[in-house]
Amino acid sequence: MSRLVHNVGRRLPHGWGDLLRQATLFFVAYNAYQVVRGIADGRHAAAIANGTHVMHLERSLGAFFEPAFQQAFLAHQWVIDLANWMYFNSHFVITTSFLVWLYLFRSDRFNFVRNMFLVAMGLALLGYALFPTAPPRMFPGAGFTDTIKAFTNTSQDSSFASLLVNPYAAVPSMHIAFSLMIAIPAMNLVRSLWARWMWSLYPLVVFFVIVVTGNHFWFDAAAGAAVACLAAATAHQLARLRPDSWSWRDEAIDEAPA
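Just so we're aligned, residue 117 is where the sequence shown starts under the numbering used here, counting upward by one.
Structure below.
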């Protein structure tokens with residue numbers, strides 16, 4: 117067993133110690149999320165009020181399109197089923213898979229992306245604590261349908277689903293933030309035009325998913341995009357502290373991700 121551990125460690129970009137450090141950073145961020153979620157869970161009235169404020173803002177801008185948009189797709193069950201699946205899976209599976217691939221095969225870019233994620237998660241936790249917001253699915257009177265509950269008979273607020281979903285963490289949408297923070301680096305890493313095109317579509321697909329499932333307003337998505345932009349700008353500033361390890365390198369690459 118020790119020989120196997122040693123051999124695997126030799127194949128890691130910076131050994132087991134660095135892998136443990138990276139895992140610890142994300143573990144701490146995840147547990148901070150759990151703490152903030154616990155705080156938000158006790159603020160149901162504030163979350164409903166803030167969700168109502170978001171709808172009023174969108175109406176005042178003449179851009180409250182989400183109920184009609186969702187209704188247009190409800191009759192197409194295969195679309196809703198795919199969107200429901202993607203809502204629960206793409207956020208974690210695609211994001212985690214990209215980060216693992218980046219760490220193993222493009223480790224010189226990993227620290228910059230990691231810093232983006234940690235900053236973004238910190239900003240999101242601040243937003244969840246200060247502005248807990250109920251998602252559209254909690255406003256059936258406004259014309260929204262909880263597609264995951266209606267089409268799968270699974271409540272997102274059940275004990276199992278709540279392990280993956282904070283019911284009052286609508287602003288900012290981290291589905292959008294995460295999708296941008298992996299899609300843009302990926303577009304800079306791949307060589308083929310079709311791969312860049314596919315990655316460029318990924319945030320748009322995620323936006324479609326979060327709106328059609330009734331889990332986010334467009335305002336939430338805009339806030340998520342702002343978080344991603346601020347996180348990227350902060351990561352660039354942090355790179356000045358350790359340019360050799362924290363900066364994003366733009367030099368040409370020899371191969372594209374699988």
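Cβ atoms here follow ideal geometry from the backbone N, Cα and C, with glycine treated the same way.
| Item | Value |
| --- | --- |
| Any 3 or more C-beta pairs closer than 8 Å across the segment 169–178 and the segment 186–196 | no |
| Between the CA atoms of Leu173 and Ala337 - distance to the nearest angstrom | 14 Å |
| Residues that DSSP places opposite Ala285 in a beta bridge | Thr249 |
| Integer Cβ distance of Ala293 from Ala355, believed to fall under 8 Å | Not a contact, Cβ separation roughly 19 Å. |
| Endpoints, the alpha helix (DSSP H) within which Thr212 is located | 211–221 |
| Terminal residues of the alpha helix (DSSP H) in which Phe324 lies | 309–328 |
| For Ala311 and Met303, the rounded distance between their alpha carbons | 8 Å |
| Reference Asp224; option with closest CA among His130, Leu320, Ala348 | His130 |
| Ser274 versus Arg358 - alpha carbon distance | Because the pLDDT at Ser274 is just 46, under 50, the model does not fix this residue reliably, and the point stays unresolved. |
| Span separating the alpha-carbon of Gln186 from that of Gly133 | 47 Å |
| Whole-angstrom distance between Trp362 and Trp313, CA atom to CA atom | 27 Å |
| Option nearest Ala162 by Cα separation, candidates Ala245, Asn331, Ala348 | Ala245 |
| Pairwise C-alpha distance: Val327 and Phe333 | 6 Å |
| Rounded C-alpha distance that separates Met171 from Phe260 | 12 Å |
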